[in-house]
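To keep things clear, I will list the structure first and then write my remarks on it.
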Amino acid sequence: MTSLSDSFTQNQATHWDIFCAVVDNYGDIGVTWRLAKQLAAEYQIDINLWVDDLQSFSHILPELDCELSKQRFFGVNILQWNSPLDIPYIPGSLLIEAFACELPSSVIDIIESQHKAHQTIEPNSSLANNVSKPPVWINLEYLSAEDWVDGCHGLPSMQASGIKKYFYFPGFSHHSGGLICEENLFNQRDSWQSDDKNKLALFKRLGLTGIDVNDYVISVFSYETDALTALCQYWINAAQSEVNTQKIHALIPMGKSLHSIISLLGVSFDTIKATQRFSMGNLTIHILPMTDQTEFDRLLWSCDFNIVRGEDSFLRAQWAAKPFIWHIYPQEDDYHLVKLQAFVNIYSLKLENDIANIWSKTNFAFNQQDTNVVEHWQQLISAQLPLQQHAKDWPVDAKKDADLASRLVEFVKTS
Amino acid sequence: MKTAHELRPGNVIMLDGSPWVVQKTETTRSGRNAAIVKMKLKHVLQDSTTETTFKGDDKMEDIILERLACTYSYYADPMYVFMDAEYNQYDVEADNLGDAAAYIVDGMEEECSVTFYEGKAISVELPVTIVREVTYTEPAARGDTSGKVMKPATITGGGTVTVAEFVKIGDMIEIDTRTNEFKKRV
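Chains as they are written, first to last, in my numbering: chain R, 1025 to 1439; chain B, 7 to 192.
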């Protein structure tokens, strides 16, 4: 850890501030932490990441000291976001409110004052260079594959004070804000996946025992769903059926997924501990310990199939180049199914129709708590070779020519 | 104050000290149920338009300008002519109607609210719900797995609305003019 004093006195006009309110444990903070690290590492931008819940953050950054209001890791200043702010906000060149979180009123007052002062200066006046511009203000939105994203990405939101806030939409098209993907990620993944020793070493490091190199390993990071219960019941009895009689291992962290299968384990939730394992028929359930983001990526790279949720793990599962099910965050009126359909449509563009159909049905069944997911799973496994190949091809198609960080840097330059 | 979600074509809002007429609104849903409202706005005093985006719960000052209840009378390119109860006529530029123009049809009886700024009719606000006939829509489609099967339909006047799968040509449907959403078959 390095001292913060330098960080706050250098480049005060050029640093970027990211405000993140933790809503769902690891989703919001997962995305903003990855983005902050990448911007610091690849663009040498001085980043202040303001977080309102360091406790949740510490699960994916174990080195974090929850008692410290200022600390620095991976070149990023991590600041406790208290209400009211007890660390003074100093405007930089960019201000991000992640996922439409409500910025502290003191921050808005400061940038509005800056805007007013800047507006009153004539462009050719000698004062023009002395009055700093307010930061570019961005609302970093949720990732969606829906068509409307392209039409809304980058549009200004006119505030009553006259200052503009821009809506920045991550997305899969050239016209969107792109997807978070570190420069060397695919090379690191390929290198990791080229040697089975890496995955076995990882499983050992995580305390997961009894996994053979040829076993079928599934990571599960979902919300509660009866579909998961049904799948586990099926996997228990899956010997002599598909997957060439491979043993199946489901790697499940403490949390929402585990609630769905607790009835199968015959123990109470409170007694379960990380690294514990439960063998039932052909299935072994391993309780995953929490890991940092680097190890989580490696875990996804190491499994044969990933069940992921929300936004951050959803994207990382795509970058893992392995088949996956996406358990999307549920919304009112089942609107999440519209979002799921939009992603299924683009993910399936280069898949053969019958495989696309099976993959779609599996995802919808999982999201709709449908225990018929088992039927679709059986079909999905029989199509696993083309599905695996598609999963390998997809990341390059999805990332296109530029990732989110590089598009964001360009956006700020031109705004 | 109104939230962005409550604004609809014809409303006038104050931004950065200037009045803007809302010409078009398009509401979509972001993550965690949050609404995003994309709007087309026209500056009341200048001949300029802009596209902008708001969070659904962003609050903004809607200006209470002089308003009169009127009914649609006729179209004289490029003006829509409205008439009040005392048979006074008011011209509104077609551009200023924005999305509302799709619901203006000859013989319509719904009462509209014409807004004036410095004596000039600048916009028209439709009733919140309006009933129109479906003039064309495809037969019910099958195979959609989202569970929210909708399809496009053309209504009297030529506008398009996304309707439920069961709606047929000739049906009268209720539409929410704030969101252009199909509400029900009547």
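Just so you know, even glycine gets a beta-carbon here, dropped at the ideal spot from N, CA and C. A quick note: this is a predicted structure, and the numbers were derived from the prediction, not measured.
Pairwise C-alpha distance: ASP1048 (chain R) and GLY1334 (chain R): Mapped onto the first sequence, residue 1334 (chain R) falls at position 310. Mapped onto the first sequence, residue 1048 (chain R) falls at position 24. Going from the Cα of GLY1334 (chain R) to the Cα of ASP1048 (chain R) covers about 9 Å.
message: Excluding the 5 residues flanking ASP63 (chain B) on each side, which residues of the same chain have their C-beta closer than 6 Å to its C-beta?
response: Residue 63 (chain B) sits at position 57 when you count from the first residue of the second sequence. Closer than 6 Å at Cβ, skipping near neighbours: THR9.
query: In this structure, does DSSP put GLN29 (chain B) in helix, strand or coil?
result: On the second sequence, position 23 is the one that residue 29 (chain B) refers to. GLN29 (chain B): strand per DSSP, three-state reduction.
message: When you compare the CB positions of SER79 (chain B) and LEU51 (chain B), do they come within less than 9 Å of one another, or not?
response: For the purposes of this step, residue 79 (chain B) is taken as residue 73 along the second sequence, with counting starting at 1. For the purposes of this step, residue 51 (chain B) is taken as residue 45 along the second sequence, with counting starting at 1. Their beta carbons are not under 9 Å apart, which means SER79 (chain B) does not touch LEU51 (chain B) by this criterion.
- prompt: Between the C-alpha atoms of THR77 (chain B) and VAL111 (chain B), what's the straight-line distance to the nearest angstrom?
  reply: Position 71 of the second sequence holds residue 77 (chain B). Position 105 of the second sequence holds residue 111 (chain B). Taking the straight line joining both Cα atoms gives about 11 Å.
message: Let me see if you follow: with CB-CB separation under 9 Å, is LYS61 (chain B) close to chain R or not?
response: Here the question's residue 61 (chain B) lines up with position 55 in the second sequence. So, interface residue.
- request: Can you have a look at GLY113 (chain B) and say buried or exposed, based on whether 16 or more other CB atoms are within 10 angstroms of its CB?
  value: Residue mapping note: residue 113 (chain B) aligns to position 107 of the second sequence, counting from 1. Around the beta carbon of GLY113 (chain B), fewer than 16 other beta carbons lie within 10 angstroms, which makes this residue exposed.
field: Supposed close pair THR58 (chain B), LEU1252 (chain R) - CB separation, criterion 8 Å
entry: To locate residue 58 (chain B), count along the second sequence from 1; it is residue 52. To locate residue 1252 (chain R), count along the first sequence from 1; it is residue 228. Incorrect: roughly 42 Å between the Cβ atoms, too far for contact.
task: Entirely within the region 1252-1322 of chain R and at least 4 residues each: give me those alpha helix (DSSP H) ranges in chain order.
output: 1280-1289
- request: For THR1026 (chain R), name the three-state secondary structure that DSSP assigns.
  value: The count along the first sequence starts at 1 and reaches residue 1026 (chain R) at position 2. For THR1026 (chain R), the pLDDT reaches just 38, beneath the cut-off of 50, and the residue's location in the model is therefore unreliable, although a value from the coordinates is still provided. Looking at THR1026 (chain R) - three-state DSSP - the assignment turns out to be coil, as it is neither helix nor strand.
Where GLU57 (chain B) meets chain R, residues with beta-carbon distance less than 8 Å: Translated into positions along the second sequence, residue 57 (chain B) becomes position 51. Under the 8 Å cutoff, chain R gives LEU1179.
message: Let me see if you follow: with CB-CB separation under 9 Å, is THR151 (chain B) close to chain R or not?
response: Counted from its first residue, the second sequence places residue 151 (chain B) at position 145. With a pLDDT of only 47 at THR151 (chain B), under 50, the local geometry of the prediction cannot be trusted, and the value read off the model is given with reservation. Flagged as an interface residue toward chain R: THR151 (chain B), by a C-beta distance shorter than 9 Å.
- request: Pull up the distance between the alpha-carbon of LEU1275 (chain R) and that of GLY1054 (chain R), whole angstroms please.
  value: For the purposes of this step, residue 1275 (chain R) is identified with residue 251 of the first sequence, where counting begins at 1. For the purposes of this step, residue 1054 (chain R) is identified with residue 30 of the first sequence, where counting begins at 1. Each residue's alpha carbon lies about 20 Å from the other.
SER1181 (chain R) in three-state terms, based on DSSP: The sequence position of residue 1181 (chain R) within the first sequence is 157, counting from 1. Three-state DSSP puts SER1181 (chain R) in a strand.
field: Nearest-angstrom Cβ-Cβ length linking VAL27 (chain B) and LYS44 (chain B), presumed shorter than 8 Å
entry: On the second sequence, position 21 is the one that residue 27 (chain B) refers to. On the second sequence, position 38 is the one that residue 44 (chain B) refers to. The pair is not a contact, with the Cβ atoms about 16 Å apart (cut-off 8 Å).
- prompt: If you follow the alpha helix (DSSP H) that LYS1188 (chain R) is part of, which residue opens it and which one closes it?
  reply: As a working mapping, residue 1188 (chain R) is identified with position 164 in the first sequence. Segment 1188-1192 is the beta strand (DSSP E) holding LYS1188 (chain R); no alpha helix (DSSP H) there.
task: Step through the CB atoms of chain B and report whether any lies within less than 9 Å of the CB of THR1438 (chain R).
output: The residue labelled residue 1438 (chain R) in the question sits at position 414 within the first sequence. It does not; no Cβ of chain B falls within 9 Å.
- prompt: Just to confirm, are PRO1112 (chain R) and PHE1043 (chain R) a CB contact at a threshold of 9 Å?
  reply: Along the first sequence, read from residue 1 onward, the residue named residue 1112 (chain R) stands at position 88. Along the first sequence, read from residue 1 onward, the residue named residue 1043 (chain R) stands at position 19. Contact flag unset, no.
query: Out of curiosity, what's the CA-to-CA distance linking THR168 (chain B) and PRO158 (chain B)?
result: Residue mapping note: residue 168 (chain B) aligns to position 162 of the second sequence, counting from 1. Residue mapping note: residue 158 (chain B) aligns to position 152 of the second sequence, counting from 1. The alpha-carbon atoms of THR168 (chain B) and PRO158 (chain B) are separated by roughly 4 Å.
- request: Determine the closest residue to ILE1331 (chain R) out of R:ILE1286, R:THR1318, R:ALA1389, with distance taken between C-alpha atoms.
  value: As a first step, residue 1331 (chain R) is located in the first sequence; it is residue number 307 there, counting from the start. Taking only the C-alpha atoms, the option nearest ILE1331 (chain R) is R:ALA1389.
task: Please go through the same chain and pick out, in chain order, the residues whose beta-carbon is closer than 7 Å to the beta-carbon of GLN1138 (chain R), but skip the five residues on each side of it.
output: Stepping through the first sequence from its first residue, residue 1138 (chain R) is reached at position 114. PRO1115, SER1156, PRO1158, listed in sequence order.
query: Secondary structure at SER1243 (chain R), three-state DSSP: helix, strand or coil?
result: In the first sequence, the residue the question calls residue 1243 (chain R) occupies position 219. Reduced to three states, the DSSP call for SER1243 (chain R) is strand.
- request: Determine, using beta carbons only, whether ASP53 (chain B) comes closer than 9 Å to chain R.
  value: Here residue 53 (chain B) is taken as the residue at index 47 of the second sequence, counted from 1. ASP53 (chain B) does not count as touching chain R.
- request: Give the interface partners of TRP1383 (chain R) over in chain B, defined as CB-CB distance under 8 Å, in chain order.
  value: Your numbering for residue 1383 (chain R) matches position 359 in the first sequence. Simply none; closest approach about 11 Å.
field: Rounded separation between ILE1352 (chain R) and ASN1391 (chain R) - CA only
entry: By one-based count along the first sequence, residue 1352 (chain R) stands at place 328. By one-based count along the first sequence, residue 1391 (chain R) stands at place 367. Approximately 7 Å between the Cα atoms of the pair.
message: What does the alpha-carbon distance come out to for the pair PHE1435 (chain R) and TRP1161 (chain R)?
response: Within the first sequence, residue 1435 (chain R) is the residue found at index 411, counting from 1. Within the first sequence, residue 1161 (chain R) is the residue found at index 137, counting from 1. Approximately 11 Å between the Cα atoms of the pair.
message: Within 9 Å of any Cβ in chain B, is that where the Cβ of CYS1176 (chain R) sits?
response: Locating residue 1176 (chain R) in the first sequence gives position 152, counting from the first residue. Answer yes: the Cβ-Cβ gap between CYS1176 (chain R) and chain B drops below 9 Å somewhere.
field: Contact belief for TRP1383 (chain R) with PHE1367 (chain R) at Cβ below 8 Å, rounded distance in angstroms
entry: What you label residue 1383 (chain R) is simply residue 359 of the first sequence in a count that begins at 1. What you label residue 1367 (chain R) is simply residue 343 of the first sequence in a count that begins at 1. In fact, because the Cβ distance is near 11 Å, the residues do not count as touching under 8 Å.
task: In the DSSP assignment, find the beta strand (DSSP E) that holds ALA82 (chain B) and state where it starts and stops.
output: In the second sequence, counting from the first residue as 1, residue 82 (chain B) sits at position 76. Run containing ALA82 (chain B): 72-82, per the beta strand (DSSP E) assignment.
field: Residue-level contact to chain B via CB, SER1168 (chain R), 9 Å cutoff
entry: Your numbering for residue 1168 (chain R) matches position 144 in the first sequence. Interface residue, yes.
- request: Please list the partners that ARG35 (chain B) has in chain R, where partner means a Cβ-to-Cβ separation under 7 Å.
  value: As a first step, residue 35 (chain B) is located in the second sequence; it is residue number 29 there, counting from the start. Chain R residues near ARG35 (chain B): GLN1355, TYR1359.
query: List, in order along the chain, the chain B residues whose C-beta lies closer than 8 Å to that of ALA1124 (chain R)?
result: The sequence position of residue 1124 (chain R) within the first sequence is 100, counting from 1. The answer, in chain order, is SER36, ALA40, LYS61.
- request: Note the first and the last residue of the continuous alpha helix (DSSP H) segment covering ASP177 (chain B).
  value: Along the second sequence, read from residue 1 onward, the residue named residue 177 (chain B) stands at position 171. Segment: none, ASP177 (chain B) is in no alpha helix (DSSP H) and carries neither H nor E.
message: Quick check on this structure: which residue in B:THR55, B:ASP101, B:TYR109, B:ALA40 has the alpha carbon closest to the alpha carbon of ILE136 (chain B)?
response: In the second sequence, residue 136 (chain B) corresponds to position 130, counting from 1. For ILE136 (chain B), the nearest C-alpha among the options comes from B:TYR109.
- request: Answer with yes or no whether the minimum CB distance from PHE1444 (chain R) to chain B is below 9 Å.
  value: The requested residue 1444 (chain R) does not occur in the structure, where chain R is confined to residues 1025 to 1439.
query: Can the beta-carbon of VAL120 (chain B) be found less than 9 Å from the beta-carbon of VAL130 (chain B)?
result: The sequence position of residue 120 (chain B) within the second sequence is 114, counting from 1. The sequence position of residue 130 (chain B) within the second sequence is 124, counting from 1. It is a contact, given that the beta carbons lie within the stated cut-off.
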